[in-house]
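Okay, structure first, notes after.
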Ligand code: PGA
């Protein structure tokens with residue numbers, strides 16, 4: 001499965017839902033999956049707009065528990081109830097801003113899977129870790145620690161997002177992306193077997209670089225931040241991925 005996923009992060013009010021209508025009109029009938037993960041406040045409304053269209057709606061994070069005394073948190077069950085079919089977990093901004101460890105990400109992934117939703121599990125090295133030559137070790141440890149046993153291609157998507165490429169306009173070389181994706185493919189095959197999981201690249205993906213990134217082996221799509229906020233930017237990225245199917 002190929003997937004073009006947009007992460008709106010902490011951006012978006014009701015007045016921005018027109019972008020979603022423009023996106024739905026622009027993507028037509030794509031050959032890949034298309035997903036927008038808006039702030040939790042917009043999932044319900046966006047899901048109504050996306051009914052009977054190719055657009056899927058997802059959450060950006062969830063709590064590991066289903067319900068309880070956790071002020072300000074949202075559970076996977078609540079996201080599903082609001083219309084989400086995917087949930088991003090372990091984004092580097094969650095890992096950095098909220099101290100989320102691999103163990104926490106693993107528990108959240110289990111919560112997502114327990115609700116029958118698809119988890120998009122994010123991994124990626126910092127610039128210091130890349131400079132130290134530790135990229136594959138870091139990504140390998142995050143995969144090992146963040147993914148519960150029993151993950152399958154139907155339930156889990158993995159996103160490689162180098163922290164230093166997120167929101168910076170900088171991207172790794174195509175060789176660097178291909179190297180990490182080949183490594184992840186081998187690690188996941190060795191642990192889980194079965195059909196190959198969808199592997200996304202994320203970090204400063206935009207219309208001008210999407211095609212060359214999607215042409216790389218073991219890259220099955222993208223997790224897009226800034227360029228997912230406007231239909232005029234995200235629709236060409238969807239089209240570039242759809243053209244590879
Ligand atoms: P960006 O964000 O596309 O704005 O770099 C990507 C992400 O954080 O998923």
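Residue numbers (this note's numbering): 1 to 245. No residue lacks a Cβ here, since even glycine has one placed at the ideal position from N, Cα and C.
Item                                                                                                                                   : Value
Three-state secondary structure assigned by DSSP to residue 237                                                                        : helix
Helix, strand or coil at residue 252 [DSSP, three-state]                                                                               : As displayed, the chain neither begins before 1 nor continues past 245, which places residue 252 out of reach and without an answer.
Contact test: residue 225 Cβ vs the ligand PGA heavy atom, cutoff 6 Å                                                                  : yes
Contact the region 73-81 vs the region 18-37: 3+ CB pairs below 8 Å                                                                    : no
8 Å contact criterion, which residue 119 and residue 87 should meet: CB distance rounded                                               : 6 Å
Contacts around residue 246, its chain only, beta-carbon distance under 7 Å, and the 5 residues preceding and following it disregarded : Coverage of the chain is limited to positions 1 through 245, which leaves residue 246 absent and any answer about it impossible.
Any non-hydrogen atom of the ligand PGA within 6 Å of residue 167 CB                                                                   : yes
Nearest-angstrom Cα separation, counted from residue 217 out to residue 3                                                              : 15 Å
Cβ separation of residue 145 and residue 7, assumed to be a contact under 8 Å, to the nearest whole Å                                  : With 8 Å as the limit, residue 145 and residue 7 do not qualify as a contact, their Cβ atoms being about 22 Å apart.
Residue 149: CB within 6 Å of a non-hydrogen atom of the ligand PGA                                                                    : no
Residues that DSSP places opposite residue 221 in a beta bridge                                                                        : 3
Reduced DSSP secondary structure (H/G/I, E/B, other) of residue 147                                                                    : coil
Contact check, residue 203 vs residue 237, beta carbons under 7 Å                                                                      : no
Coil, strand or helix - residue 163 by DSSP                                                                                            : helix
Start-to-end residues for the beta strand (DSSP E) that takes in residue 34                                                            : 33-37
The ligand PGA heavy atom lying under 6 Å from the CB of residue 7                                                                     : yes
Segment contact flag, the region 170-186 with the region 226-233, C-beta cutoff 8 Å, min 3 pairs                                       : no
Closest by C-alpha distance to residue 18, when choosing among 41, 1, 49                                                               : 49
Same chain only: Cβ atoms within 8 Å of residue 93, ignoring 5 sequence neighbours per side                                            : 9, 166
Distance between beta carbons of residue 222 and residue 200, contact taken as under 8 Å                                               : 6 Å
Extent of the continuous beta strand (DSSP E) run through residue 18                                                                   : Per DSSP, residue 18 belongs to no beta strand (DSSP E); it is in the alpha helix (DSSP H), 17-27.
Residues of its chain near residue 195, where Cβ-Cβ distance is below 6 Å and the 5 sequence neighbours each way are ignored           : 153
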